[in-house]
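Numbering (my numbering), first residue to last: 150 to 271.
As structure tokens, then:
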């Protein structure tokens, strides 16, 4: 099995579950097959950086497990890559702009020529 996931890693490690410790596990992304490691403990892993760089957005990942008898089980999930930086800054306000004209006038400056500005985080 494999669960839907969102990641900021464009070449992510993928992991999931497999019922047969001897099954061959193949992961298909964008029409290309990659052989994953069956860890023999109920899990499988496709190592970090095995996939080529995935573009931002959703990618359907299909996992196929085949046991030694030839029985096949397939499941799919969506891996969404989101490498865009979050906007952590809110508006910048200048409380010393007493007349709200968008400028700091001489009369609004402190005696040392300074003024206060505030940045709100996200």
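Where is the CB? At the ideal position from N, CA and C, for every residue including glycine.
Assuming residue i is part of the beta strand (DSSP E), what are its boundary residues?
i           : result
residue 195 : 192–195
residue 207 : 206–215
residue 187 : 181–187
Buried or exposed: residue i, going by 16 or more other Cβ atoms within 10 Å of its Cβ?
i           : result
residue 219 : exposed
residue 161 : buried
residue 214 : buried
residue 181 : exposed
On a Cα-Cα basis, can you pick out the residue from the options that is closest to residue i?
i           : options            : result
residue 164 : 155, 154, 190, 195 : 195
residue 231 : 260, 152, 157      : 157
residue 174 : 206, 229, 225      : 225
Leaving out five residues before and five after residue i in sequence, what residues of the same chain have Cβ atoms less than 7 Å from its Cβ?
i           : result
residue 176 : 163, 183, 185, 195, 210, 212
**Message:** Can you confirm whether the segment 197–208 touches the segment 165–172 when touching is taken to mean that 3 or more C-beta pairs between the two stretches lie within less than 8 Å?
**Reply:** no
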